[in-house]
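Q: Structure below; questions to follow.
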Amino acid sequence: MTDTPAGVIVPVTRSVTLRQTVGYVIQRALDQLADGEPPQIHFVFIASWRADDPGSTADRKQADELLEQVTTWSQFELEAANADPDSVTIETAVIGDDDYRFSPTDYADLLTEYAETHNSSHVVIDPEYSLVGHTTLLEPFEFELQQRDLNVTEAPVDRSTRRGRLVDPGSPARFLTLFGGSFLFYQVLGGFSGLFDIVTGVATALIVAIALDDVSFYRDPTLTGSPKRLLRAVLYVPYLLYEIIVSNLVVARVILDPRADIDPRLTKIRVFVGSGFPLATLANSITLTPGTLTVKADDQELYVHSLVPFARDGLFDGALERWVRFVFYGREAARFPSPLDRGDTEVLQDPAAADPPESASAAAADGGVDRGVDTQEGDR
Amino acid sequence: MIATARIGLIAVFVTLGLFFTFVSTAGVIRLPDVFSRAHTASQADTLGAGFTLAAVALTLGWQSATVKTVLLLVFIFVTNPTAAHAIARAAYEEGIEPWTTGDDRR
Chain A
1 MTDTPAGVIV PVTRSVTLRQ TVGYVIQRAL DQLADGEPPQ IHFVFIASWR ADDPGSTADR
61 KQADELLEQV TTWSQFELEA ANADPDSVTI ETAVIGDDDY RFSPTDYADL LTEYAETHNS
121 SHVVIDPEYS LVGHTTLLEP FEFELQQRDL NVTEAPVDRS TRRGRLVDPG SPARFLTLFG
181 GSFLFYQVLG GFSGLFDIVT GVATALIVAI ALDDVSFYRD PTLTGSPKRL LRAVLYVPYL
241 LYEIIVSNLV VARVILDPRA DIDPRLTKIR VFVGSGFPLA TLANSITLTP GTLTVKADDQ
301 ELYVHSLVPF ARDGLFDGAL ERWVRFVFYG REAARFPSPL DRGDTEVLQD PAAADPPESA
361 SAAAADGGVD RGVDTQEGDR
Chain B
1 MIATARIGLI AVFVTLGLFF TFVSTAGVIR LPDVFSRAHT ASQADTLGAG FTLAAVALTL
61 GWQSATVKTV LLLVFIFVTN PTAAHAIARA AYEEGIEPWT TGDDRR
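Here is the structure:
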């Protein structure tokens, strides 16, 4: 009985839904207790610093405070449920401060190691959990954990941020960025022509900033992160233009050549770019390139209508997805398996699948309508 | 010499813009259903308008109005896929089945 790993690991960071996640974990532990298993909960904080860094004691202190807070919440939950506080083993730990961690893989390795030494096989993740400073994403992290035979559960929480995602309370950073942006835009339109434009520009930008402060950004702009994202977006534009021109030519050929035939299919693809603005960027980029058209965006699942096999292959290859990850999260995040490799693609209304339901991977096999243009894929 | 090259380039860009607009028109007439038509309709907006605006920018030369043509292009590139997506989603939610090879509707 004791051989079955009963422990649950919960990675924590400060988030709006952490309190609810703790509630869920305790509830889960109590269920386990009712089944006769002694539950163990490990709250772990994954360090983003190294213990011998100068100034890391402040980080450490914050982490300890958070863990203490989580323990208090747990005790409170147990008391509220009239359970014996000693029946559930609660442990806390700060791990990973011996070295810097970068990718979701590093974090997953670290957590797996901890799980093995502490006889656990289950990980509960707070849906708002974020790895260090937003540099990496939750989805790849969960993906990595699942690759390592850990059971991963996302805590079911009411996400207040979900509902409030479009309208966020404004902040000085947003206000200033918006004000500056609109003022600059006004000056560009006016051709930087003198005092009158500056005065009217200030007035206009103020109105814009006050009116749209709480809907204009999905995240607070920062002095370090935002310019980097902007710069990477500038790098993205030439690539996007190239993609647009190539697929325009392919589609133009299909339309003008009477012998060429289209082969449209609805496809479904699961992407990992984070919700909100990054997802909108990816969906719009997909639509901008002719031959692929985002029909529906369902959280991280995109329904994409594709016109020709060439466009479909390009989509499943995930170049745009990697670029969007690059723009929003940096170079580390761009190294990521393609949707095809991950098995996150699906061709809906596949005629081959209609007869033998097993052969769903017929994306490459459904008739080489435009084999001639495939050679263009070679140069990148 | 440079003036001739510039006029030549302008002519090339306008021609390319016209070409893609023509392709887009032909596609809207030729393709079978709303989804595939949405693909090609956005071609006129992306490369059709793109090349034409590039020609406009070249014609104007280096002045503040040129910046505006670039901004125009930026806004077209943001709004065009949004509109295409809105049309496609509306069609999808109406329950229109996308046309595939072998479908008799045409």
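Protein chains in written order, with the UniProt record's numbering: chain A, 1 to 380; chain B, 1 to 106. All C-beta atoms in this analysis are idealised placements derived from N, C-alpha and C, irrespective of residue type, glycine included. The model shown is predicted, which means the values in this text are computed figures rather than measured ones.
1. The beta strand (DSSP E) spanning Leu72/B covers which residue range?
2. Count the other CB atoms, across all protein chains shown, that sit within 10 Å of the CB of Gly8/B; report buried if there are 16 or more and exposed otherwise.
3. Determine, using beta carbons only, whether Leu256/A and Ala44/B come nearer to each other than 8 Å.
4. From this set, Thr292/A, Gly276/A, Ser120/A, Glu77/A, which residue's C-alpha is nearest Ile9/A's C-alpha?
5. Of all the CB atoms in chain B, is at least one closer than 8 Å to the CB of Arg265/A?
6. Between Val295/A and chain B, is there a C-beta pair that is closer than 8 Å?
7. Please list, in chain order, the residues of the stretch 180-204 of chain A that have any C-beta partner in chain B closer than 9 Å.
8. Residue range of the alpha helix (DSSP H) that His39/B falls in?
9. If we count the other Cβ atoms within 10 Å of its Cβ and call it buried at 16 or more, is Glu142/A buried or exposed?
10. I'd like the ranges of any alpha helix (DSSP H) spanning at least 4 consecutive residues and lying wholly in the stretch 204-283 of chain A.
11. Can you tell me which of the three DSSP states Ala93/A falls into?
12. Mind listing the chain A neighbours of Phe77/B? Cutoff is C-beta to C-beta under 7 Å, in chain order.
13. For Arg265/A, which of Val295/A, Leu67/A, Val246/A has the nearest alpha-carbon?
14. Where DSSP assigns a beta bridge to Ala297/A, which residues make up the other side?
15. Please compile the residues from chain A whose C-beta is within a distance smaller than 9 Å of the C-beta of Arg37/B.
16. Measure the C-alpha to C-alpha separation of Gln300/A and Glu321/A and round it to an integer number of angstroms.
17. Quick one: what's got a C-beta closer than 7 Å to Arg6/B's C-beta in the same chain, skipping five residues either side?
18. Is there a C-beta anywhere in chain A that falls below 8 Å from the one on Phe13/B?
19. On the three-state DSSP scale, how would you describe Phe192/A?
20. Do you know offhand how far Leu18/A's Cα is from Val188/A's?
21. For chain B, is any of its Cβ atoms less than 8 Å away from the one on Val251/A?
22. Can a CB atom of chain A be found closer than 8 Å to the CB of Gly17/B?
23. Short of 9 Å Cβ to Cβ, which residues in the stretch 308-320 of chain A face chain B?
24. Note down, in chain order, each residue of its chain lying with its Cβ closer than 6 Å to the Cβ of Gln20/A, except the 5 sequence neighbours on either side.
25. Taking Cβ positions only, does Leu73/B come closer than 8 Å to chain A?
26. Note down, in chain order, each residue of its chain lying with its Cβ closer than 7 Å to the Cβ of Ala283/A, except the 5 sequence neighbours on either side.
27. Would you identify the three-state DSSP class for Pro11/A, choosing helix, strand or coil?
28. Name, please, each residue of chain A whose Cβ falls closer than 8 Å to the Cβ of Leu47/B.
29. Is Asn82/A buried or exposed, if buried means 16 or more other CB atoms sit within 10 Å of its CB?
30. Between which two residues does the alpha helix (DSSP H) carrying Thr345/A extend?
31. Rounded to a whole number of angstroms, what is the C-alpha to C-alpha distance between Gly201/A and Gly194/A?
32. So, with DSSP's three-state summary, where would you put Ala354/A?
33. Got a sec: does the ligand HEM put a non-hydrogen atom nearer than 7 Å to the Cβ of Leu241/A?
34. What number of angstroms, rounded off, separates the C-alpha of Ala38/B from the C-alpha of Ala84/B?
35. Output yes or no for whether 8 Å exceeds the beta carbon distance between Pro140/A and Phe272/A.
36. Can Thr287/A and Val347/A be called in contact, C-beta distance under 8 Å?
A: Quick look at the numbers:
1. As a first step, residue 72/B must be located in the second sequence, where it is residue number 72. In the DSSP assignment, Leu72/B falls outside any beta strand (DSSP E) and within the unbroken alpha helix (DSSP H) covering 64-93.
2. Start at 1 with the first residue of the second sequence, and residue 8/B comes out as number 8. The residue is exposed, with fewer than 16 neighbouring Cβ atoms inside 10 Å.
3. Taking the first sequence and counting its residues from 1, the one referred to as residue 256/A is at position 256. Taking the second sequence and counting its residues from 1, the one referred to as residue 44/B is at position 44. No.
4. Start at 1 with the first residue of the first sequence, and residue 9/A comes out as number 9. If you compare the alpha carbons of Thr292/A, Gly276/A, Ser120/A, Glu77/A with that of Ile9/A, the shortest gap goes to Ser120/A.
5. Counted from its first residue, the first sequence places residue 265/A at position 265. At least one chain B Cβ lies under 8 Å of Arg265/A.
6. Position 295 of the first sequence, counted from the first residue, corresponds to residue 295/A. With 8 Å as the cut-off, Val295/A counts as an interface residue toward chain B.
7. Residues Phe185, Val188, Leu189, Gly190, Gly191, Phe192, Ser193.
8. Taking the first residue of the second sequence as position 1, residue 39/B is located at position 39. From DSSP, the alpha helix (DSSP H) with His39/B extends over 34-43.
9. One-based indexing of the first sequence puts residue 142/A at position 142. Per the 10 Å Cβ criterion, buried.
10. Taken in chain order, the whole alpha helix (DSSP H) runs of length 4 or more contained in the stretch 204-283 of chain A are 225-256.
11. By one-based count along the first sequence, residue 93/A stands at place 93. In the structure shown, Ala93/A sits in a strand (DSSP, three-state: E or B).
12. Residue 77/B sits at position 77 when you count from the first residue of the second sequence. Listed along the chain, the chain A residues whose CB falls inside 7 Å of the CB of Phe77/B are Leu288.
13. As a working mapping, residue 265/A is identified with position 265 in the first sequence. Taking Arg265/A as reference, the option from Val295/A, Leu67/A, Val246/A with the minimal CA-CA separation is Val295/A.
14. Position 297 of the first sequence, counted from the first residue, corresponds to residue 297/A. Here Ala297/A is bridged, per DSSP, to Leu302/A.
15. The count along the second sequence starts at 1 and reaches residue 37/B at position 37. By Cβ distance, chain A contributes nothing, its closest Cβ being about 10 Å from Arg37/B, past 9 Å.
16. The count along the first sequence starts at 1 and reaches residue 300/A at position 300. The count along the first sequence starts at 1 and reaches residue 321/A at position 321. Approximately 12 Å between the Cα atoms of the pair.
17. Counted from its first residue, the second sequence places residue 6/B at position 6. For Arg6/B, same chain residues with a beta-carbon under 7 Å away, outside a window of 5 residues either side, are Leu58 in chain order.
18. Sequence index remark: in the second sequence, residue 13/B carries index 13 (1-based). Cβ-Cβ to chain A under 8 Å: no for Phe13/B.
19. Numbered from 1 along the first sequence, position 192 holds the residue referred to as residue 192/A. Three-state result, Phe192/A: coil.
20. Walking along the first sequence from the start, residue 18/A turns up at place 18. Walking along the first sequence from the start, residue 188/A turns up at place 188. Going by the C-alpha atoms only, they are around 45 Å apart.
21. Here residue 251/A refers to the residue found at position 251 when the first sequence is read from its first residue. The C-beta of Val251/A comes closer than 8 Å to at least one C-beta of chain B.
22. Here residue 17/B refers to the residue found at position 17 of the second sequence. Gly17/B has a beta carbon lying at 8 Å or more from every beta carbon in chain A.
23. Those would be Ala311, in chain order.
24. Walking along the first sequence from the start, residue 20/A turns up at place 20. If we look at Gln20/A and ignore the five residues flanking it on each side, its Cβ neighbours are Val157.
25. For this step, residue 73/B is matched to residue 73 along the second sequence. Put simply, the CB of Leu73/B is far from chain A, with every gap to its CB atoms at 8 Å or more.
26. What you label residue 283/A is simply residue 283 of the first sequence in a count that begins at 1. Hits under 7 Å: Thr294, Ala297, Leu302.
27. On the first sequence, position 11 is the one that residue 11/A refers to. It is a strand residue.
28. Start at 1 with the first residue of the second sequence, and residue 47/B comes out as number 47. Against Leu47/B, the close residues of chain A are Ile244, Ile245, Asn248, in the order they occur along the chain (beta-carbon pairs closer than 8 Å).
29. Taking the first residue of the first sequence as 1, we reach residue 82/A at position 82. Around the CB of Asn82/A, fewer than 16 other CB atoms lie within 10 Å, so the residue is classed as exposed.
30. Taking the first sequence and counting its residues from 1, the one referred to as residue 345/A is at position 345. No alpha helix (DSSP H) holds Thr345/A; the beta strand (DSSP E) holding it covers 345-347.
31. As a working note, residue 201/A is residue 201 in the first sequence. As a working note, residue 194/A is residue 194 in the first sequence. Going by the C-alpha atoms only, they are around 11 Å apart.
32. If you number the first sequence from 1, residue 354/A lands on position 354. Low per-residue confidence applies at Ala354/A: pLDDT is 44, beneath 50, and the placement is therefore not dependable, though the value from the model is reported in the following sentence. Helix at Ala354/A.
33. Only the bare structure without any ligand can be found here, which leaves the ligand HEM out of the picture.
34. Taking the first residue of the second sequence as 1, we reach residue 38/B at position 38. Taking the first residue of the second sequence as 1, we reach residue 84/B at position 84. Roughly 6 Å separates the two Cα atoms.
35. Residue mapping note: residue 140/A aligns to position 140 of the first sequence, counting from 1. Residue mapping note: residue 272/A aligns to position 272 of the first sequence, counting from 1. Result yes, Cβ atoms of Pro140/A and Phe272/A sit closer than 8 Å.
36. If you number the first sequence from 1, residue 287/A lands on position 287. If you number the first sequence from 1, residue 347/A lands on position 347. In this structure, Thr287/A keeps its C-beta atom at 8 Å or more from the C-beta atom of Val347/A.
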